[in-house]
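Down below is the structure, laid out as structure tokens.
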Amino acid sequence: MTEFLQALVIDRWAYVFTILLLSVGLYGLVMKKNLIKKLIGMNIFQTAVILFFIQQAYKHGGTVPIYDTTVGARPELYVNPLPHGLMLTAIVVSVATTGVALALLVLIHRRYETLNEDELLQKLRES
Amino acid sequence: MFSETTQPLWALVPSLLAIPLILATARRPNLRETWTLLAALSQCAVVLSMLPWVLEGHVIESTLWSLAPDINLSLRVDPLGFLFALVASTLWIVTSCYSIGYVRGTREKHQTRYFASFACCLTATIGIAFSANLLTFLLFFELLTLTTYPLVIHKETKAALSAGRKYLAYTLPAGLTLFGAICWTATTAGNLDFVAGGFLSTKHGTAETLQLIFLLFMIGVGVKAGVMPLHSWLPSAMAAPTPVSALLHAVAVVKAGAFGVLRVTGYVFGPELLRDIGAWTALAWFAGITLTMASLLAIRQDNLKRRLAYSTIAHLSYTVLGAALLSPWSWTGASLHLVFHATLKITLFFCAGAIYVNTHIENISDMAGIGRRMPVTMAAFAVASLGLVGFPGINGFASKWSLALGSLEAGQGVFLGLLVLSGVLNASYFLPIIHAAFFKTNPAFDRVAEASPWLVAPLVITATISIVWGIAPNLGAHAVDLAMLIATSVTGEHSG
Amino acid sequence: MTWSQLPILTPVVLLVGATAVLLTGRIRPSLAHRLATATCASCFAIAIALAVQVHHHGPTHYALGGWSPPIGIELVADTLSVYFLLVITGIALLVMVGAAPAVERDTPGRSAEFFAISLIFLLGLSGIVLTGDLFNLYVFLEISSLSAYTLVSSGDERAGVAAFRYLIVGTIGASFYLLGLGFLYSVTGTLNMTDMAMRLDPAAIPVRLAAVMITVGLGLKMAIFPMHRWLPDAYTHASSTATALIAPIMTKVSAYVLIRILFFVFGTSMVSIDLPIAQAIMWLSVAGVLVGSTMAIAQTDLKRMLAYSSVAQVAYIGVGIGLATPLALAGALLHVISHATMKCCLFLVVGAVELQTGNRKLSSLSGIGRKMPWTFAAFTAAAVAMIGLPPTGGFFSKWYLVLGGMATGEWWVVIFVLGASLLTATYFFRLLESIYTRQSSELAPIKEAPLAVALPIVILGLAVILFGLFNSRILDLFLRDAMPPGLVISG
Amino acid sequence: MNGPITALFFLLALIAAIAALKVKDLLAVAVILTAFGFFVALLYTALGAIDVGFNEAVLGAGVTGVLFVVAIHHTQRRSID
């Protein structure tokens, strides 16, 4: 486990950033009271996951996965394009989720006139 | 279609078929009751038709389909199952007549639900009797629990509802315990088919494990059999209408429990294993204490049905005791008591119901002098009580005698003492009722007469059967032959 | 067309159906419901055809767009997926048949949209069970989840809040899944399930991290204790049709994914021996069974009571997965079909009661059993199955679970599972007692639900009993072949 | 991974993320979120995923930002945290 962590911090410092980004997202999700803020936390969380995939695809010295005559057909010199394709879909999914969530928030606000979780719970208990 | 192997199946059909018919003809009471009677008669006929085969020693087995890997839903007619099915189906006929008189006499509500549930219960009871393995047994056992519940709460009064809750509070955990025990058996033995003499042996686990499984089994079936301290649902359940108490709480449900005890001791564990692990002594003592305590408690009851309920608890323990003693005669006695107690106790309940319909009296202290106005009813009552006391000439004597012989055979004289004591106690709680009924007068009863023939005929019939079997126990159903067949197959020795 | 193209047909039919429903809804709203029902019916027929095909010829593979795996995405119909597909489409069909009046009442003027989203929801679910690609599975998971959030929000005034909470939890779950998938991809370089199963090194740390993350993610979607908090609100406040559609199948499909990934991708030995994942699932599920049942007793709203009992019942499936023995897993899979039928039946009854009385408080149900005899006969059968009494499906799933628990010597699990039946019995018998005995004068004008509403309920009530009596047919036809490699049901 | 440019984008994205959660004016938050999306898009490009970068710039930064602005317009602008 320690070796793994060492490798993570020294060789792959970018992953640490991603983990930080994940934590920021999670913090927003759990700690924020405003529902829009929660949603933003969720968005950051999702972005971090997507980022994680993109990092995996990256290779040192690899080039953009578009056929380049100077490089030729040598796969090891290109960045792996498959995760890119996947993440295109993941981004669409994440935007769709955000859209639905925002629609729900508008619905909630129309009914309860608040987006603060505590106030909302209070109103739910009263009704 | 009608061959030996399909016969046990056909035995289930009449009562099962009666359920939709009863529900469909809810608006036409006469037609509805016809279905009940027809079903009862044909069910009894189908069961009886198997008598010759059973007497020849055939074990009829019919497998329907697979319930789980290696376990089938299958029916099997052996002497013990046959005896129980015969009692239940025969007494259903008389109870049906009686029910018709009773529910009309008291103008009960929801009569359709009543008759439909009754048919359900009978199906479950016959199923229990003919189960070939523990899983099939459990299936019908739980079905019986479920279908009895609407009958217990039938009156929908507060008392009835709380009795229903109490009933479930006892029987559902018991069912789960039984479920656990059966699962454990399946895990250790890999087999659940009943075998005369038992299929478990010491190689299936340590003595402690087997004792624990046995304990779980006994809790599972013992609740329905009313073994103390698991009995207290039974007196409460007397809130049900009297025919329900009569058939279900004197015959079907509680006997299903006692029958379960016989099945588990004789066909799952077997005498040899029970002696090896020493579990029989515990069971015998539980039964011995129950039959004494219940008789003592019965004396204190003023409500007639509750007194009968405690008497039932005591008499079921006769059967349990007989099963626990593991000797040929004790098994003969246990099987016989399963039958003979049924005719006697049902008579008593019928009498209690007839009195209630006519006078709305439930307490014994109010019944002084009723014998002069309802002589036939009370005469039947007297016959049945004397039978339960163990008076020679009435069938209860035969079973008690065998049990007494059995306890001597097992070398357990102390249980003979308990049996005698219980007989005395029986006398002390029954005879005062008869005495007061015939030798006291009460002007309040001046305008009371015998109940309607629908009510009187059944109780006369069951009382007569009791006397006839008292004189010739083997007549008709070959009860003694069957009981001896059972005892021989289980213990491996001949009795008498 | 050839038989090998059957797997793609279900998603395609659902997609076409959803579009058609949306379009016809604009022109003739009354046609939308019929079209949706027809779509579900044809999907059920396809599922049956697929089941027959798989039974006779083994797993059917279909490479999407002609790209063969492991590079392309592949649809795989094996016995396990066909089993779940049958449950999904069968339940969907029965819910659809009687849905029109309730949907028109709950979402007036927008029933076409409701049906279209329902079909998309089913598209997502059938995609999940059919795909052989782990990322594709994520996409379908999100499609079904997104439409589920929308369906939930179509309920009463609190539905929006419930749906939002569900959305947040569901998205976190899906993200955890995706994260775990990222780890797996980084070490194996493939997303195809079979391919990945062969390349996995159970000892590698990223693989272990992935296993934990995926389990947590799916646990959230499946509402395993303590990740169950979103479920009661979502089920209670969604419209009755939405609940009847989501409750029986959504959590089951999450269970499917869990089974598929834990046992087929990671392998039995890894999740039960190398890592205590199975044990963790088992104990959390035992806690879930107890908590769900206890909370259900405390409820005064019928729908909320059933929602909490869903938490408990799904946990039974979790127990079976956690025990990881052949019989226990068979019990879990059997519980999938039996719980789907009984919960669907119960929630449809709630819908029918709401339709007829406009109320669903437990206290207002007194005596309703006599007014709606057929509906409540089915309700009784389903309730008995929930308690786990024979001869219903619920009994036999418990039977296999307990046998599986005893075989591994998990005595406490056995005791808790059996004990929880008593808790279930407490709230269901209390309910049955008041339904059938007490008289309420308010109910005087109440009548039996219309045929289209009552018929599916009665069919489900019967199915609950038949699945119990003939459970060994289900076992022989599906479950034996559906077992993961290394787990064999003896006998 | 390939040096300071990526690290800079990472840092910017992280700061934007924290700011998006800390700022109380939600309309400002929407703007910051768009910026966050933009930084992430640049990051993707730096990591060799040009297509994903485009996608994120349009959808993640653009559409999401617009959605948030519309939603905030329909609800409320202030947040207590």
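Protein chains in written order, with my numbering: chain A, 2 to 128; chain B, 552 to 1047; chain C, 21 to 511; chain D, 69 to 149.
Glycine included, each C-beta is placed from N, C-alpha and C at the ideal position.
Looking at the unbroken beta strand (DSSP E) that takes in residue i, where does it start and where does it end?
{"i": "threonine 614 of chain B", "result": "611-619"}
{"i": "histidine 661 of chain B", "result": "Taken as a continuous stretch (DSSP letters only), histidine 661 of chain B belongs to no beta strand (DSSP E), as it is neither H nor E."}
{"i": "tyrosine 82 of chain C", "result": "80-83"}
{"i": "serine 625 of chain B", "result": "622-628"}
Exposed or buried, what is residue i when buried is set at 16 or more other beta-carbons lying within 10 Å of its beta-carbon?
{"i": "glycine 771 of chain B", "result": "buried"}
{"i": "glycine 432 of chain C", "result": "With the sequence shown as reference, residue 432 of chain C is identified as tryptophan, and glycine is not the correct amino acid for it. Classification for tryptophan 432 of chain C: exposed."}
{"i": "threonine 928 of chain B", "result": "buried"}
{"i": "threonine 64 of chain A", "result": "exposed"}
{"i": "lysine 775 of chain B", "result": "buried"}
{"i": "serine 510 of chain C", "result": "exposed"}
{"i": "tyrosine 869 of chain B", "result": "buried"}
{"i": "glycine 884 of chain B", "result": "buried"}
{"i": "threonine 832 of chain B", "result": "exposed"}
{"i": "histidine 911 of chain B", "result": "exposed"}
{"i": "methionine 75 of chain C", "result": "The amino acid at residue 75 of chain C is misidentified as methionine; the sequence shows histidine. When all chains shown are included, histidine 75 of chain C counts as exposed."}
{"i": "aspartate 853 of chain B", "result": "exposed"}
Over the uninterrupted alpha helix (DSSP H) stretch that includes residue i, give me the two end residues.
{"i": "threonine 446 of chain C", "result": "431-456"}
{"i": "threonine 361 of chain C", "result": "346-377"}
{"i": "threonine 109 of chain C", "result": "99-117"}
{"i": "serine 868 of chain B", "result": "855-876"}
{"i": "glutamine 25 of chain C", "result": "Segment: none, glutamine 25 of chain C is in no alpha helix (DSSP H) and carries neither H nor E."}
{"i": "lysine 39 of chain A", "result": "36-58"}
{"i": "lysine 709 of chain B", "result": "709-740"}
{"i": "valine 473 of chain C", "result": "471-489"}
Any beta-carbon of chain A closer than 8 Å to the one on residue i?
{"i": "leucine 76 of chain D", "result": "no"}
{"i": "arginine 130 of chain C", "result": "no"}
{"i": "phenylalanine 134 of chain C", "result": "no"}
{"i": "glycine 425 of chain C", "result": "no"}
{"i": "phenylalanine 498 of chain C", "result": "no"}
{"i": "leucine 101 of chain D", "result": "yes"}
{"i": "isoleucine 73 of chain D", "result": "no"}
{"i": "glutamate 162 of chain C", "result": "yes"}
{"i": "threonine 395 of chain C", "result": "no"}
{"i": "glycine 202 of chain C", "result": "yes"}
I'd like to know whether the C-beta of residue i is nearer than 8 Å to at least one C-beta of chain C.
{"i": "leucine 78 of chain A", "result": "no"}
{"i": "glutamine 139 of chain A", "result": "Not covered by the structure: residue 139 of chain A. The range shown for chain A is 2 to 128."}
At least one CB of chain D closer than 8 Å to the CB of residue i: is that the case?
{"i": "tyrosine 59 of chain A", "result": "yes"}
{"i": "valine 31 of chain A", "result": "no"}
{"i": "methionine 43 of chain A", "result": "no"}
Determine, using beta carbons only, whether residue i comes closer than 8 Å to chain B.
{"i": "leucine 482 of chain C", "result": "no"}
{"i": "valine 339 of chain C", "result": "no"}
* Cβ-based contacts, 8 Å cut-off: residues of the region 83-96 of chain D near chain A -> Ala85, Ile86, Ala88, Leu89 and Leu94
* Scan the region 112-146 of chain D for residues whose Cβ lies nearer than 8 Å to a Cβ of chain A and list them as they occur along the chain. => Listed by position, the residues of the region 112-146 of chain D near chain A (Cβ gap below 8 Å) are Tyr112, Leu115, Gly116, Ala117, Ile118, Asp119, Val120, Asn123, Glu124, Leu127, Gly128, Val131, Thr132, Leu135, Phe136, Val138, Ala139, Ile140, His142, Thr143 and Gln144.
* Taking three-plus beta-carbon pairs below 8 Å as touching, is the region 237-248 of chain C in contact with the region 218-227 of chain C? -> no
* Pairing CB atoms from the region 659-671 of chain B with CB atoms from the region 616-629 of chain B, are three or more of them under 8 Å? -> no
* Asked: If we count Cβ pairs, one from each stretch, closer than 8 Å, do we get three or more for the region 886-897 of chain B versus the region 958-974 of chain B?
  -> no
* Asked: Listed from N- to C-terminal order along the chain, which residues in the region 440-464 of chain C have their beta-carbon within a distance smaller than 7 Å of any beta-carbon of chain B?
  -> Ser441, Leu442, Ala445, Phe449, Glu453 and Thr457
* To do: Inspect the CB distances between the region 99-113 of chain D and the region 80-91 of chain D and report whether three or more fall short of 8 Å.
  => As far as the Cβ criterion goes, the region 99-113 of chain D touches the region 80-91 of chain D, which means the pair count is three or higher.
* Asked: Any residues in the region 204-217 of chain C with a beta carbon nearer than 9 Å to a beta carbon of chain A? Which ones, in chain order?
  -> Listed by position along the chain: Tyr205, Ser206, Gly209 and Leu211.
* Residues of the region 408-423 of chain C with Cβ closer than 9 Å to any Cβ of chain B, in chain order -> Gly408, Leu409, Pro410, Pro411, Phe415, Phe416, Lys418, Trp419, Tyr420, Val422 and Leu423
* Three or more C-beta pairs closer than 8 Å, one from the region 356-367 of chain C and one from the region 264-280 of chain C: is that the case here? -> Using a Cβ-Cβ distance cut-off of 8 Å, the region 356-367 of chain C and the region 264-280 of chain C are in contact, since at least three pairs of beta carbons, one from each stretch, lie closer than that value.
* Between the region 172-194 of chain C and chain A, which residues of the former have CB atoms less than 9 Å from a CB of the latter, in chain order? -> Ser173, Glu177, Arg178, Ala179, Gly180, Val181, Ala183, Phe184, Leu187, Ile188, Gly190, Thr191, Ile192 and Ala194
* **Positions along the region 94-118 of chain C whose CB lies within less than 8 Å of some CB in chain A** => none
* Asked: When you check each C-beta in the region 599-617 of chain B against every C-beta of chain C, which residues fall closer than 8 Å?
  -> Trp616 and Ser617
* Check distances from the C-beta atoms of the region 217-249 of chain C to those of chain A and list, in chain order, the residues that come in under 7 Å. => Ile225
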